Amino acid sequence: MLTALWSACWFGRAVRCQLPPHSTGKHHGLLAETEPYAALWLRWDEGGTAEAVTLPDCPVPPLVTDADACCLYSGHPERHTWDVAAYSEETSCTS
Ligand SMILES: [Zn+2]
Ligand SMILES: [Zn+2]
1 MLTALWSACW FGRAVRCQLP PHSTGKHHGL LAETEPYAAL WLRWDEGGTA EAVTLPDCPV
61 PPLVTDADAC CLYSGHPERH TWDVAAYSEE TSCTS
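Going left to right, the sequence shown walks through residues 1 to 95 as full-length UniProt numbering numbers them.
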């Protein structure tokens, strides 16, 4: 089940969705860190419609003080990347 969801989270085999496995909503793949507190994301849906958008970084701090900040954008669905139990593999902000 999780594997199937992950495989849907690719755009053109080039950009991987950074969100945890999800079955609704749009996928978001990080393209580039463009500003100190914002980044360029590729946002697409199952129909293949994609757009590049600049989104502010997620402002929610980790519950554990020495953990890395969340890699996602402000207002993202699902869990924060510092909530590692929600992720099937280690998430890197730069991958
Ligand atoms: Zn996705
Ligand atoms: Zn977050």
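Glycine included, every Cβ here is placed at the ideal spot set by N, Cα and C. None of the values given here were measured: they were computed from a predicted structure.
Where the beta strand (DSSP E) containing residue i begins and where it ends
| i | result |
| --- | --- |
| E46 | Looking at the DSSP string, E46 is not in any beta strand (DSSP E), and its letter there is neither H nor E. |
| V64 | Element bounds for V64: n/a, residue is neither H nor E. |
| L55 | A50 to P56 |
Helix, strand or coil at residue i according to DSSP, with G and I counted as helix
| i | result |
| --- | --- |
| E35 | strand |
Status (buried if at least 16 other CB within 10 Å, exposed otherwise) for residue i
| i | result |
| --- | --- |
| P77 | exposed |
| A39 | buried |
| H80 | buried |
Cβ-Cβ distance between residue i and residue j below 8 Å
| i | j | result |
| --- | --- | --- |
| G25 | L42 | no |
With a cut-off of 7 Å, give the chain-ordered residues whose Cβ is closer than this to any heavy atom of ligand 2.
C58, V60, C70, L72, H76, H80 and T81
So if I measure from each beta-carbon to every heavy atom of ligand 1 and keep distances below 6 Å, which residues remain?
C9, C17, L19, H22 and H27
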